Every structure is written in structure tokens, then in C-alpha cells.
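All the letters of the sequence shown, read from the start, carry residue numbers -17 to -1, 1 to 269 under mature numbering (1 follows the signal peptide of the UniProt record, and there is no 0).
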Amino acid sequence: MPTEMWHVFSLAIKCLAVTPPANWTYDNAPNWSADHPECGGNHQSPIHIKTSTSYASAMAPLKFGYYDLPLAGNITIKNNGHSVDFEVPPTLNGRRPFVTGSILHSKYEAVGVHFHWGSTNSKGSEHMIDDRRFDVEMHIVHKNVLYPTLEEATKHVDGLTVLGVMFKGTRDVDRIYPGLNMIFNRLPDLVEMDSNSTLPGGNMTLGHILGDLNTKTFFTYTGSLTTPGCAEAVTWHVFPEPLPIAFEHIEKFWNIQDANGDQMTDNYRPLQELNGRVILYRGGSY
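Written out as C-alpha cells, the structure reads:
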């Protein structure tokens, strides 16, 4: 990709960024609504997903566009004080990876990826599925192409879709995920807040971080971002089948530090009430 064009795409990525409010911690999550009223809304996330009370649907599968094309720009993974995240650059063809299908009525372009994890004493996934939590939950955030910026998208109920991917730690690794391992192997460089580590462009596709995930089976519901300001603008797609990853990678997350230099563990929001929302379930492998 020409240098000038990459500069344009880099500026576009920056424009998609929404600066999160800084005056919150996971310790005071039950009180977020005092400073961020939308966190007290009726369509908040995460939730406890129960198969028995979900509705089976013959909806279309998710369609992944450009997820198999190498990402052109460098991927800068950073410790933002609340999580580990990175922005998603365009692919080598100049287009951004996207999803559509399912119950979505538009195309949603990938803008960012971040993680939630637990500690030695607790599992760290934000969503619970049939009374079960997992070690880590990865969120791939996508913005509706109808809206020019991520900030604008958060003002609309159809503004975002987020893919929730579960990871299960194992001591007996029988599957290798090179893309995920590239990210996990950089975690020791991200211990201190505001530290970062860069992966060179052209070596990884966004699809690599999905491993061999069964993307045909998922739950979907309308909810919110899980950090302040908790915008109720998200169509969630949560995949119930976890990816098994080496437990040593799970432990790397536990060494990440927050703004106070303390271990950033249990960075997940408490479960929120369903409040009459419908959860749809798509099963099968077709």
C-alpha cells in the first residue's frame, strides 16, 4: 500500500477512537451509574445467557468479509489501564474487515479488539453461559458503516456489533493458534500502564485471532458496551464454544498492571439484568 494512503487510513483509525471516561474502576462497578447515567439503563451488558430461556432461530450465519486478508498496518497492542487492546488497521486491499448477516441489517467494520480476564481465584469472562464462566473473553468491536465515527455510532441502537469469544486455559495444548500466540507473546511487554508493543503489518489477518472457532453457533441479543459510558448501542454475538489456549498465556494476563501499579485482575463487569430482552440462539454448523 502506498505510504500516503496508509497515512490516510491511520488518521481514519484515530478518528474512530472514543476516549473512555477515566474516573472509574472495576471495584466501583455497581456505582458507575452515579457518574455515567446510561450505565443504569435497562439494556446493559454483560448478561447471564441461558440456553433454556433462549429462542432457537433459523437466522442467517454471520458473514465475515476480508477477515482472511493480511492487515496492512502495524498492530500496536497497548495497556490502557483497564485492559489490553489494539486498533484494527485496514487490510492489504485497503478495505477494513467486516461482518454482516445474522440479525444485522448493515455492514459492520472491525475497529478494535480488547480482552477481559480473571485471576488465580476467578474466571474472567464477562458473559456467563449456562452458569459457566471462562478464563478470558475477547471482544472484537465493529462499527456500523452508516455512521462516520465510533462516537456517533454509540448514539444509535444499531451502531455497533461486538463478537464475544471465550478462551479456556489448558495444560494439555493440542491446538496452536499462531495469530493469538503473536498477541499473547507480547503481553510481558505490556505490564505497565501505557506500555505498548508493535506487531509488523502484513503478517496477520483478523481471522487468525478466531483460530478454529465455530462461528456458526452463537447467541445474539441487544445490549451495551461493558465499560462507561455503557452506551446501549450493541448487537452482541457471543460464541459459546471456547477456544482452548495454553494456561501459561492466561497467567500472562494476570501480570498486567493498572494505573496504580497494582495487578489488573478481574477486569470484568458484574452481570446485568435481562429486563425482558430476548436472546436468540443459532445452532448447527451450516
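Where a beta carbon is used, it is the ideal one built from N, C-alpha and C, also for glycine.
Source: prediction; values computed, not measured.
Considering only the alpha carbon of each residue, which of I58, L75 and N76 lies closest to D68? I58
Within 9 Å, strictly: CB atoms of F81 and G190: no
Would you grab the beta carbon distance between T210 and H65 for me? Rounded to a whole angstrom, and I think it's under 8 Å. 7 Å
Hey, S89 and V128: beta-carbon distance below 9 Å or not? For the pair S89 and V128, the CB atoms are nearer than the 9 Å cut-off.
Looking at C-alpha atoms only, which residue of H122, L263 and M165 is the closest neighbour of T188? The shortest C-alpha separation from T188 is found at M165.
Going along the chain, which unbroken runs of the beta strand (DSSP E) with 3 or more residues stay wholly within the segment 20 to 89? 45 to 48, 58 to 62, 67 to 70 and 81 to 84
In the DSSP assignment, find the unbroken beta strand (DSSP E) run with F98 in it and report its ends. Run containing F98: Y91 to W100, per the beta strand (DSSP E) assignment.
What are the boundary residues of the alpha helix (DSSP H) that includes K235? F230 to W237
Label D118 either buried or exposed according to how many other C-beta atoms from any shown protein chain fall within 10 Å of its C-beta, with 16 as the threshold for buried. Buried is the call here.
Those residues which DSSP pairs with T144 across a bridge: H125 and T218
Please work out which residues of its chain come closer than 8 Å, Cβ to Cβ, to Y91, disregarding the five sequence neighbours upstream and downstream, and give them in chain order. F81, V82, T83, H125, K126, N127, V128, L143 and T144
Would you kindly work out how many angstroms separate the C-alpha atoms of S180 and A41, rounded to a whole number? When rounded, the distance between both Cα atoms is 42 Å.
Of the residues T103, D177, I262 and G95, which one's Cα is nearest the Cα of F230? Measuring C-alpha to C-alpha distances from F230 to each of T103, D177, I262 and G95 identifies T103 as the nearest.
My output table needs one value for S105: the three-state DSSP class, helix, strand or coil. strand
Could you work out which residue in G107, G206, Y38 and Y130 is closest to F236 when comparing CA atoms only? G107
Measure the C-alpha to C-alpha separation of A(-1) and M111 and round it to an integer number of angstroms. Its pLDDT being 43, under 50, A(-1) is placed unreliably by the model, and nothing is read from it.
Report the residue from Q27, F150, V174 and L133 whose alpha carbon sits nearest the alpha carbon of V94. Put simply, of Q27, F150, V174 and L133 the residue whose alpha carbon is nearest the alpha carbon of V94 is L133.
Please report the residue range of the beta strand (DSSP E) in which N179 lies. N179 to L182
Is it buried or exposed for D241, if we count other Cβ within 10 angstroms and need 16 for buried? With 16 or more Cβ atoms within 10 Å of its Cβ, D241 is classed as buried.
Simplified DSSP state of G206, which is helix, strand or coil: strand
Helix, strand or coil: which one does DSSP assign to G190? helix
Looking at C-alpha atoms only, which residue of P20, Q246, G206 and N62 is the closest neighbour of H31? G206
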